[in-house]
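Going by the UniProt record's numbering, the sequence shown opens with residue 1, and the numbers climb by one from there. Heads up: the structure comes next, in structure tokens.
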Amino acid sequence: PLIKDEISALIDIYSRLRPGDPPNADNARKLINEMFFDPQHYDLGKVGRYKVNRRLELPAREVGENRALTREDIVAIIQRIIMVNNGQDTPDDIDHLGNRRIRTVGELVQNQFRIGLVRLERVARERTSIVNLEMVTPSALVNIRPVVSAVKEFFGGSQLSQFMDQTNPLAEITNKRRLSAMGPGGLSRERAGFDVRDVHYSHYGRICPIETPEGPNIGL
Numbered sequence: 001p002l003i004k005d006e007i008s009a010l011i012d013i014y015s016r017l018r019p020g021d022p023p024n025a026d027n028a029r030k031l032i033n034e035m036f037f038d039p040q041h042y043d044l045g046k047v048g049r050y051k052v053n054r055r056l057e058l059p060a061r062e063v064g065e066n067r068a069l070t071r072e073d074i075v076a077i078i079q080r081i082i083m084v085n086n087g088q089d090t091p092d093d094i095d096h097l098g099n100r101r102i103r104t105v106g107e108l109v110q111n112q113f114r115i116g117l118v119r120l121e122r123v124a125r126e127r128t129s130i131v132n133l134e135m136v137t138p139s140a141l142v143n144i145r146p147v148v149s150a151v152k153e154f155f156g157g158s159q160l161s162q163f164m165d166q167t168n169p170l171a172e173i174t175n176k177r178r179l180s181a182m183g184p185g186g187l188s189r190e191r192a193g194f195d196v197r198d199v200h201y202s203h204y205g206r207i208c209p210i211e212t213p214e215g216p217n218i219g220l
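See below:
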């Protein structure tokens with residue numbers, strides 16, 4: 001059915017994103033804003049903003065000016081989808097390396113560190129509501145354990161964290177240069193099809209197809 005009013009659209013989107021929670025228009029508006037339009041929760045990055053501007057033909061905006069999505073971006077994306085559906089534009093090749101970006105270890109640690117800081121902020125806000133602010137000290141409000149546990153959680157339990165192969169210098173270099181399509185925000189071995197695992201022509205001269213594990217992780 002076609003939804004014409006804003007409240008019904010918000011409730012419909014919220015029920016699809018959070019099927020277990022009771023739908024509410026205010027919660028839906030807050031969730032969508034945090035997911036796409038709030039710079040504290042959503043960051044395209046300079047490269048992402050450049051790619052979005054280039055693909056959607058939005059050259060008037062400076063690179064890195066707004067690293068969250070805007071209403072103009074959403075409208076342009078919907079227009080492109082309609083054009084692709086009508087055969088007026090060609091869809092992007094999702095397996096092409098030009099449409100992918102390597103997330104370095106530093107960026108992954110940065111994201112984990114940010115999660116730890118968000119937890120620290122939440123704990124500090126809770127403590128400020130129950131203590132006497134005139135008598136309180138910074139050490140009583142700020143506890144670094146959430147940050148430490150978040151970083152330890154990444155290095156100790158992340159899918160991308162592993163011991164480095166130090167058999168010889170060549171094995172060490174190979175291990176450092178290894179790429180993975182799995183991990184947070186990536187693919188899983190259960191839903192990765194043959195096209196994702198196959199060697200793409202854009203890999204030639206950039207990624208060695210022989211350096212891939214055998215078994216269910218092959219090609220990933």
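A virtual CB, placed ideally from N, CA and C, is assigned to each residue, including glycine.
Taking the alpha-carbon positions, what's the Arg206 to Thr128 distance?
Rounded to the nearest angstrom, the two C-alpha atoms are 52 angstroms apart.
Grab me the residues of Asp43's own chain with a C-beta within less than 6 angstroms of its C-beta, minus the 5 sequence neighbours each way, in chain order.
Taken in chain order, the residues that qualify are Arg67.
Cβ of Val52 within 8 angstroms of Cβ of Arg101?
Not closer than 8 angstroms, so no.
Is there contact here, the region 72-82 with the region 93-109, by at least three beta-carbon pairs under 8 angstroms?
Verdict: no, contact absent.
Distance, Cα to Cα, residue 221 vs Glu153?
As displayed, the chain neither begins before 1 nor continues past 220, which places residue 221 out of reach and without an answer.
Of the residues Glu121, Ala150, Val151, which one's Cα is nearest the Cα of Pro138?
When each option's Cα is compared against that of Pro138, the closest is Glu121.
Tell me, which residues are paired with Leu187 by DSSP?
DSSP output for Leu187 lists Met182 as bridge partner(s).
By how many angstroms is the C-alpha of Gly45 removed from the C-alpha of Pro209?
Pro209 and Gly45: Cα-Cα distance of roughly 29 angstroms.
Could you pull out every residue in the same chain whose Cβ sits closer than 6 angstroms to the Cβ of Leu56, ignoring the five residues on either side in sequence?
Result list for Leu56: Ala76, in chain order.
Got a sec: does the ligand GDP put a non-hydrogen atom nearer than 7 angstroms to the Cβ of Tyr50?
In terms of ligand content, the structure shown is empty, and the ligand GDP therefore cannot be addressed.
What's the C-alpha gap between Leu117 and Pro39?
Computed Cα separation, rounded: 16 angstroms.
Can you look up Val75 in the DSSP assignment and give me helix, strand or coil?
Val75 falls in the helix class under three-state DSSP.
Quick one: what does DSSP say Ser161 is sitting in, helix, strand or coil?
Residue state, collapsed to three classes: coil.
Indicate the three-state DSSP secondary structure (helix, strand or coil) for Leu220 in the structure shown.
Note: Leu220 maps to coil in three-state DSSP.
Should the region 176-187 be regarded as contacting the region 75-89, the criterion being three or more beta carbon pairs within less than 8 angstroms?
At 8 angstroms Cβ cutoff, the stretches do not touch.
What would DSSP say about Thr212, mapped onto helix, strand or coil?
Coil.
Among Arg114, Ile7, Glu172, Gly219, which has the Cα closest to the Cα of Val151?
Cα-wise, what sits closest to Val151 is Arg114.
If you follow the alpha helix (DSSP H) that Tyr50 is in, where does it begin and where does it stop?
Tyr50 -> alpha helix (DSSP H) spans 45-55.
Alpha carbon to alpha carbon, how far is Leu97 from Arg125? Give it in angstroms, no decimals.
Looking at the two C-alpha atoms, the distance is approximately 43 angstroms.
By a C-beta neighbour count over all protein chains shown, 10 Å radius and 16 as the cutoff for buried, is Gln112 buried or exposed?
Result: buried.
Taking just the CA atoms, how far does Val123 sit from Val142?
When rounded, the distance between both Cα atoms is 8 angstroms.
For Lys4 and Leu10, I'd like the C-alpha separation in whole angstroms.
Rounded to the nearest angstrom, the two C-alpha atoms are 11 angstroms apart.
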